[in-house]
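Protein chains in written order, with my numbering: chain A, 51 to 475; chain B, 38 to 418; chain C, 229 to 572. Yeah, the Cβ is synthetic: ideal placement off N, Cα and C, and Gly gets one too.
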Amino acid sequence: MNSRTFVFVSLVLILGLALVLSGCQVPTPPPEPAAEPEAEQAAEPEVQMGAAYKIGFAPGVTGGGAFLGEPERNVAEIIAAQLEGSGGIVGPDGVKHEVEVLIGDTETNPDVAVSVARRYIDEDEVVAVVAGSVTPISLAIAEVAEEAEVPYISMASSLAIVTDPDTGEMRPWVFKVAQSNGDVAVWQVERATALGSTSVCYLYENTGYGKDCFNNSSAALEAAGFETAYEDSFERTDTEFPQVTGVQAAGCDVVVVGAIPPGASLATIALRDAMPDIPIIHGHGVCTEDFITTAGNAADGMEMPCSPVIIAQDVPDDHPQKDVFMAFSQAYTEYTGQPVSTFGGHGWDSLGWVIGALETLPDGLTLAEQRAAVRDYIETNIKDWPGTAGVFNITPDDHYGLTEESFTWFKVEEGSFVPFPGEEW
Amino acid sequence: MELGKQSRRSTYQNVVGIIVLVVAVVAVGWLEIVQPFGLRFRDLTGGMVTFDTLIRIGIFTIVVVGLNLLMGYAGQISLGQAAFYGLGAYFSAIMTTLAIRHDVLPVMSRSWWWPWLAILGGMALTGGFAYLIGRPILRLRGNYLAMATLGVGIVLYTLFREGDNITGGSDGISGIPRLAIGEGLKLWPIERYYFLVWGVAILVIIIALNIVNSRVGRALRAIHGSEVAANVSGVNTTRSKLQILVVSAMIASLAGSLYAHFQALVAPSPFGFVASVTLVCMAAVGGLASIWGALFGVAFVFVVKEVLRARMHDLLHGAGGEHELIAYGLILILIMIFMPQGVVQGLTEIYQGWKKGRQQTTRARDKTESSPRYQLIDESN
Amino acid sequence: MRQILGSTRGRTAVLIVAIVALIVLVLLLGYRKNFGPEHYAQLAIDGIRGGSIYALIALGFVVIHSVTGIINFAQGEFVMLGAMLCVTVYHAELAALSPLSPPLKMLLAVLLAVAGTTLIGALLERFAIYPARNRRAPVVALIIITIGATIAIRAIALIIWGTRPYFVPAFTTLEMEDLTLRLGTLIIKAQSFWIWGVVAVVLVALALFFERTIMGKALRACAINRRAAQLMGINPSRMSLLAFALAAALGAVGGMVLAPATRPTYDMGLMLGLKGFVAAIMGGLLSYPGAVVGGLVLGVVENVGAGVTSAGYKDIIVFVILVLILLFRPRGFIGGGEQAVEEA
Chain A
51 MNSRTFVFVS LVLILGLALV LSGCQVPTPP PEPAAEPEAE QAAEPEVQMG AAYKIGFAPG
111 VTGGGAFLGE PERNVAEIIA AQLEGSGGIV GPDGVKHEVE VLIGDTETNP DVAVSVARRY
171 IDEDEVVAVV AGSVTPISLA IAEVAEEAEV PYISMASSLA IVTDPDTGEM RPWVFKVAQS
231 NGDVAVWQVE RATALGSTSV CYLYENTGYG KDCFNNSSAA LEAAGFETAY EDSFERTDTE
291 FPQVTGVQAA GCDVVVVGAI PPGASLATIA LRDAMPDIPI IHGHGVCTED FITTAGNAAD
351 GMEMPCSPVI IAQDVPDDHP QKDVFMAFSQ AYTEYTGQPV STFGGHGWDS LGWVIGALET
411 LPDGLTLAEQ RAAVRDYIET NIKDWPGTAG VFNITPDDHY GLTEESFTWF KVEEGSFVPF
471 PGEEW
Chain B
38 MELGKQSRRS TYQNVVGIIV LVVAVVAVGW LEIVQPFGLR FRDLTGGMVT FDTLIRIGIF
98 TIVVVGLNLL MGYAGQISLG QAAFYGLGAY FSAIMTTLAI RHDVLPVMSR SWWWPWLAIL
158 GGMALTGGFA YLIGRPILRL RGNYLAMATL GVGIVLYTLF REGDNITGGS DGISGIPRLA
218 IGEGLKLWPI ERYYFLVWGV AILVIIIALN IVNSRVGRAL RAIHGSEVAA NVSGVNTTRS
278 KLQILVVSAM IASLAGSLYA HFQALVAPSP FGFVASVTLV CMAAVGGLAS IWGALFGVAF
338 VFVVKEVLRA RMHDLLHGAG GEHELIAYGL ILILIMIFMP QGVVQGLTEI YQGWKKGRQQ
398 TTRARDKTES SPRYQLIDES N
Chain C
229 MRQILGSTRG RTAVLIVAIV ALIVLVLLLG YRKNFGPEHY AQLAIDGIRG GSIYALIALG
289 FVVIHSVTGI INFAQGEFVM LGAMLCVTVY HAELAALSPL SPPLKMLLAV LLAVAGTTLI
349 GALLERFAIY PARNRRAPVV ALIIITIGAT IAIRAIALII WGTRPYFVPA FTTLEMEDLT
409 LRLGTLIIKA QSFWIWGVVA VVLVALALFF ERTIMGKALR ACAINRRAAQ LMGINPSRMS
469 LLAFALAAAL GAVGGMVLAP ATRPTYDMGL MLGLKGFVAA IMGGLLSYPG AVVGGLVLGV
529 VENVGAGVTS AGYKDIIVFV ILVLILLFRP RGFIGGGEQA VEEA
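Below is the structure:
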């Protein structure tokens, strides 16, 4: 054997061995439902251990949705650590169950997303799937979840995710936690009316989210009588903005932007450079510190609808979501050292639903029964449920559960988000 | 542009290969359906390889076999093959969903044979498109041809992404129905679809092997060696190249349709530049001029990705897709350094080298023990 | 028709007619959007800015291709690395760096970014390309190696820098806000002048390098005819290393001068690389001035085209141009192209 084959073969063998050995795990049987040793009895009452529950969590950590997926993964890690620390949850019959949160990555690729979802459902036998930071990924996973009859919660914004495309009714097994662009559009119409504008220019990013923003905003604004003077898309990675020239030439009096940072920030800077005075309204994708830091001075004066979670400390104590805001933002800033992310909040809300559902499950159910029970719980018990995105009210006809009231109107002033209530418009 | 040696296997080897493949496919499927002793396929691989993966390997094998015919044998580079794949997928998707939703041809579009008709229609459409653009483009050579195919691929991808009303834009088309034969036999759940996909894959492999070993295949290899010489020898190079481009496009379209009915959703992202490049990588890893190499290349890349995805998370806590990508990139580099002809060829060479080494050792041993008259004959070769 | 397409003169004539038709189309579309001359001017100027970056990337492609015949898919990643390294060094909080004033810090960041990326390019060549060429790998294998390198580099960048966009202050003001020059209604940011200035300096430096230094002349010799150069005693493997290092440096320069104008992210390299490649093709992949002109033209056409139609179609415009060029004039527009279109 010559040297090159030797080197290659040995490399392959070493790699292969490493991978195989790392995978050599004796399949652990579920913890036996036995009582804890008597030595503990003096300190704690006897706790029975039931079967472990697994939740499959897969945001888009890499790829186009990474900006949303990374904070969502952080939140999953926070909650997983909390569950590990407390040893799990206790069911209504006093049986304790470990809860394992499996964290994966859809790579913002529908093929990978479907593979991951199928793996969670078939191989890992999860009780629920929480996945999909963006709409096309969520649509793909929704199909799989419906067929396999597993409750699925999406963290993306489009209502199409929970709606069956053929019948127009709610998909029984699919729910979502993120605010929809339709509700954003309601606020945008109000604000544009208050500004006294007549014609609107639209700039949106060339992704599913951006286009959905545009579709909802333009539909609502046109229905309210506004004229569409100009509309165009831009790429997240654009460095030049010829669209701004088009906006200038169109002569509109308000600009509506549908994007997330960094694209939203760059577009804002370009718009401000060309037109320092024109009012600019955004969607709810820019409710993060990153938007302000990336846009710099140009961010001042930007207006957008956000969940008040971004100013958790300043929310009055009698606000129904105050406790959730404080708990979430403290946990998030402690864990990551970064300011709170509304996208991470979607992870918080969705896992909260699932864990709440698991806490009501008696011991001894089969996997199919567990899944059905979780689904039923979410559909019937999530009423006036305070989350980071809003107060949820799920019904069989509405698996989304939020209205435009989950938003508060904000303005950026001197580098921070400041609430801008309607009275001051 | 040199594209590597071509492997010519004897018909015997090919037939054996096909039989082995058929047996393997059937065995795995049977295991999953019958589940003897409660044992499922996943228990064999520790859950590392799933049926979902196997089906995707099958679908990509179909595309890459077509790509191998084009790149390995005819020597024409295509960096836009994913666009043909996408054409087939979108055509199937549009025909089977939008037709129903807009109530076009209501009786026909709901029947069981409509999706199959759509598949054939997609193949015809894609083949026709390949013919139209092939005529001007195939005049180019080497890098220039590669870039032209790249350009065509990206243009098509952008059209997929921007065609909101027809293609569903970035969100794509969802709710694609499953395939069925007759009124009763639905090709779902996943085990049944697996048989369909692999049945088609095996069929495509057999056809490709036949093409390679036929007069057309010889013409292709002549073109690959030197187009001028082939022309002079009487081979109609333009027609042969065009034929093989159309064939590879139709094969890719078929795979795309199968993908559409598997995923139940077609969005533009799997059909872009990165996808085309991945297809070329799979082809090159397996071995550009080898039909069996296509199968191996696809399987290798997929299994590596799956194993990495499953294990990276354990090895490095908190690892997401990014660590897996580094390993994937490094593995690609290593393979191309050590086995630039592709893994199939490389392994064959190792095996033959090992065999020859053993023969030489035995012969050397025999030499020292044998009678003197053999020493007169020079055994070195 | 075929006769016209057959002859070179005929093809050039068709090309000229096509260009005129395109210009008319652009004016028509712009008219529908109320574009006046100042709008076209703004689009063109912004396009030249983007085009300058494409020009730098294109030069990198030409350098590597002319010496080694490889199409380096990792070229865009060099730009990204240049930008990201600049960010990291500038924001690094090291005791040794704190006494430095911001302008000095910026200078240091720029120099280290270019040096670092050049080193990475050289390492890429030594550890990935050189062993493969030693084993006489076919060109397809080498191209796939650069693809593997792109994937790995991007993944490492993701781990180190995450998905967030970073920012580097503008060179003129050393703050987030850049100086804006207003000529009538035209808006030009100061950073654009930096970009043009840097590109001009790079071009002059390259020209001097190729004309006056031995290594430069050796590189040019490789570009003209690789085999003859080898026969004259030029070491191909050393030339390959030099080519990669030079291409990495060019990319890094583009990245660090672009960084203040945009917000660098880990995946900015892919599309930049592709478009820079189209620009290089316009010069036939072998001509340096052709690559630069190609880059500028591409930038302007892309920007103006996107302005008059819709930005979503930007990619279509660029790549339709690519296909048309390949079909009608694969040797590119300007100079070069001594090597035949069909390579033996």
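Express the C-alpha separation of tyrosine 382/A and tryptophan 389/C in angstroms, rounding to a whole number.
To locate residue 389/C, count along the third sequence from 1; it is residue 161. To locate residue 382/A, count along the first sequence from 1; it is residue 332. In this structure, the CA atom of tryptophan 389/C is about 20 Å from the CA atom of tyrosine 382/A.
What residue range is occupied by the uninterrupted beta strand (DSSP E) comprising tyrosine 280/A?
In the first sequence, the residue the question calls residue 280/A occupies position 230. Counted as a single uninterrupted DSSP element, the beta strand (DSSP E) harbouring tyrosine 280/A occupies residues 277-284.
Let me know if arginine 425/A comes out buried or exposed under the rule of 16 or more other beta-carbons within 10 Å of its beta-carbon.
Numbered from its first residue, the first sequence carries residue 425/A at position 375. Per the 10 Å Cβ criterion, buried.
Rounded C-alpha distance that separates phenylalanine 395/C from phenylalanine 341/A:
As a working note, residue 395/C is residue 167 in the third sequence. As a working note, residue 341/A is residue 291 in the first sequence. The straight-line gap separating the alpha-carbon atoms of phenylalanine 395/C and phenylalanine 341/A is approximately 12 Å.
Does any C-beta atom of chain A lie closer than 9 Å to the C-beta of glutamate 305/C?
Indexing the third sequence from 1 puts residue 305/C at position 77. So, not an interface residue.
Between isoleucine 203/A and tryptophan 459/A, is the Cβ-Cβ spacing less than 9 Å?
Numbered from its first residue, the first sequence carries residue 203/A at position 153. Numbered from its first residue, the first sequence carries residue 459/A at position 409. No; because the gap between Cβ atoms is not below 9 Å, this pair is not in contact.
What residues match up with methionine 99/A in a beta bridge as DSSP calls it?
Sequence index remark: in the first sequence, residue 99/A carries index 49 (1-based). For methionine 99/A, which the question treats as bridged, DSSP gives the partners Lys146/A.
DSSP on alanine 242/A, reduced to helix/strand/coil?
For the purposes of this step, residue 242/A is taken as residue 192 along the first sequence, with counting starting at 1. Looking at alanine 242/A - three-state DSSP - the assignment turns out to be helix.
Residues that leucine 414/C bridges to, as DSSP identifies them:
What you label residue 414/C is simply residue 186 of the third sequence in a count that begins at 1. DSSP, once it has assigned bridges, lists Leu411/C as partnering leucine 414/C.
Output the boundary residues of the beta strand (DSSP E) element that contains threonine 445/A.
Along the first sequence, read from residue 1 onward, the residue named residue 445/A stands at position 395. In the DSSP annotation of this structure, threonine 445/A is not part of any beta strand (DSSP E), being labelled neither H nor E.
Could you check whether leucine 313/C and threonine 345/C sit closer than 9 Å to each other, using their CB atoms as the reference points?
In the third sequence, counting from the first residue as 1, residue 345/C sits at position 117. In the third sequence, counting from the first residue as 1, residue 313/C sits at position 85. Yes, they are a contact pair.
Could you give the distance in angstroms between the alpha-carbon of valine 468/A and the alpha-carbon of glycine 144/A?
As a working note, residue 468/A is residue 418 in the first sequence. As a working note, residue 144/A is residue 94 in the first sequence. Going by the C-alpha atoms only, they are around 46 Å apart.
Within its chain, find whatever has a CB closer than 8 Å to the CB of alanine 195/A; leave out the 5 residues flanking it on each side and keep chain order.
Taking the first sequence and counting its residues from 1, one reaches residue 195/A at position 145. The answer, listed in chain order, is Ala167, Ile171, Val179, Pro201, Tyr202, Trp223, Val224.
In three-state DSSP terms, what is threonine 378/C?
Locating residue 378/C in the third sequence gives position 150, where the first residue counts as 1. Of the three classes helix, strand and coil, the one that applies to threonine 378/C here is helix, per DSSP.
Does DSSP put proline 311/A in a helix, a strand or coil?
Locating residue 311/A in the first sequence gives position 261, counting from the first residue. DSSP, read as helix, strand or coil, puts proline 311/A in coil.
Residue of Gly190/B, Trp391/B, Arg198/B minimising C-alpha distance to leucine 316/B
If you number the second sequence from 1, residue 316/B lands on position 279. Nearest of Gly190/B, Trp391/B, Arg198/B to leucine 316/B, Cα basis: Gly190/B.
Alanine 449/C and methionine 460/C look like a contact to me (Cβ under 8 Å); what is the Cβ gap, rounded to whole Å?
The residue given as residue 449/C occupies position 221 in the third sequence. The residue given as residue 460/C occupies position 232 in the third sequence. Between methionine 460/C and alanine 449/C the Cβ distance is about 7 Å, and since that is below 8 Å, they are a contact.
Going along the chain, which residues of its own chain have a beta-carbon closer than 7 Å to the beta-carbon of arginine 215/B, five neighbours each way excluded?
Translated into positions along the second sequence, residue 215/B becomes position 178. Result list for arginine 215/B: Lys223, Leu224, Trp225, His298, in chain order.
Under 9 Å between C-beta atoms of isoleucine 243/B and isoleucine 99/B
Walking along the second sequence from the start, residue 243/B turns up at place 206. Walking along the second sequence from the start, residue 99/B turns up at place 62. A distance of 9 Å or more separates the beta carbons of isoleucine 243/B and isoleucine 99/B.
Could you name the residues of chain A that arginine 392/C contacts, counting a contact when the two beta carbons are closer than 7 Å?
Here residue 392/C corresponds to residue number 164 of the third sequence, with the count starting at 1. Per Cβ cutoff of 7 Å: Asp340.
Which value, in whole angstroms, describes the spacing of the CA atoms of leucine 554/C and leucine 124/B?
Here residue 554/C is taken as the residue at index 326 of the third sequence, counted from 1. Here residue 124/B is taken as the residue at index 87 of the second sequence, counted from 1. One C-alpha to the other measures close to 23 Å.
Restricting to Cα atoms, I'd like to know which of Leu271/A, Ala273/A, Val307/A is closest to aspartate 282/A.
Looking up residue 282/A in the first sequence gives position 232. Of the listed residues, the one whose Cα sits closest to aspartate 282/A is Val307/A.
Interface partners of arginine 221/A on chain B, CB under 9 Å:
As a working mapping, residue 221/A is identified with position 171 in the first sequence. In chain order: nothing, as chain B lies at least about 10 Å away.
Pull up the distance between the alpha-carbon of leucine 402/C and that of isoleucine 328/A, whole angstroms please.
Along the third sequence, read from residue 1 onward, the residue named residue 402/C stands at position 174. Along the first sequence, read from residue 1 onward, the residue named residue 328/A stands at position 278. Those two C-alpha atoms are separated by around 27 Å.
Taking proline 311/A as the query, report the chain C residues whose CB atoms sit under 7 Å from its CB, ordered along the chain.
Along the first sequence, one-based indexing puts residue 311/A at 261. Those within 7 Å of proline 311/A in chain C are Pro393.
Which whole runs of the alpha helix (DSSP H) in the stretch 424-466 of chain C are 4 residues long or more, in chain order?
Listed in chain order, they are 442-452, 454-459.
Using 8 Å as the Cβ pair cut-off and three pairs as the minimum, do the stretch 511-526 of chain C and the stretch 250-264 of chain C touch?
As far as the Cβ criterion goes, the stretch 511-526 of chain C does not touch the stretch 250-264 of chain C, which means the pair count is below three.
In chain B, what lies closer than 9 Å to alanine 190/A by C-beta?
Within the first sequence, residue 190/A is the residue found at index 140, counting from 1. Taking a Cβ-Cβ cut-off of 9 Å, the neighbours of alanine 190/A in chain B comprise Gly209, Ser211, Gln300, Ala301, Leu302, Ala304, given in sequence order.
Any C-beta of chain C sitting closer than 9 Å to the C-beta of phenylalanine 393/A?
The count along the first sequence starts at 1 and reaches residue 393/A at position 343. It does not; no Cβ of chain C falls within 9 Å.
From the DSSP secondary-structure annotation, give me the bridge partner or partners of serine 466/A.
Within the first sequence, residue 466/A is the residue found at index 416, counting from 1. According to DSSP, residue pairing for serine 466/A in a beta bridge involves Glu463/A.
Please classify glutamine 298/A as buried or exposed, where buried requires at least 16 neighbouring CB atoms within 10 angstroms.
Locating residue 298/A in the first sequence gives position 248, where the first residue counts as 1. Classification for glutamine 298/A: buried.
CB-CB under 6 Å to valine 291/C, same chain, minus the five flanking residues each way: which ones, in chain order?
Reading the third sequence from its first residue, position 63 is the one you call residue 291/C. Only Ala471, Leu474, Ala475 meet the Cβ criterion.
Can you tell which of Val192/B, Gly66/B, Leu196/B has the C-alpha that lies nearest to the C-alpha of phenylalanine 547/C?
Numbered from 1 along the third sequence, position 319 holds the residue referred to as residue 547/C. It is Val192/B whose Cα lies nearest to the Cα of phenylalanine 547/C.
Locate the alpha helix (DSSP H) running through isoleucine 273/C, then write down its first and last residues.
Position 45 of the third sequence, counted from the start, is the residue given in the question as residue 273/C. In the DSSP assignment, isoleucine 273/C falls within the alpha helix (DSSP H) that extends over 265-296.
Unbroken beta strand (DSSP E) run spanning leucine 253/A, endpoints
Mapped onto the first sequence, residue 253/A falls at position 203. From DSSP, the beta strand (DSSP E) with leucine 253/A extends over 249-255.
If contact is defined by three or more beta carbon pairs under 8 Å, each pair taking one atom from either stretch, is the stretch 347-361 of chain A in contact with the stretch 323-338 of chain A?
Under the 8 Å Cβ criterion, the stretch 323-338 of chain A counts as touching the stretch 347-361 of chain A, having at least three qualifying pairs.
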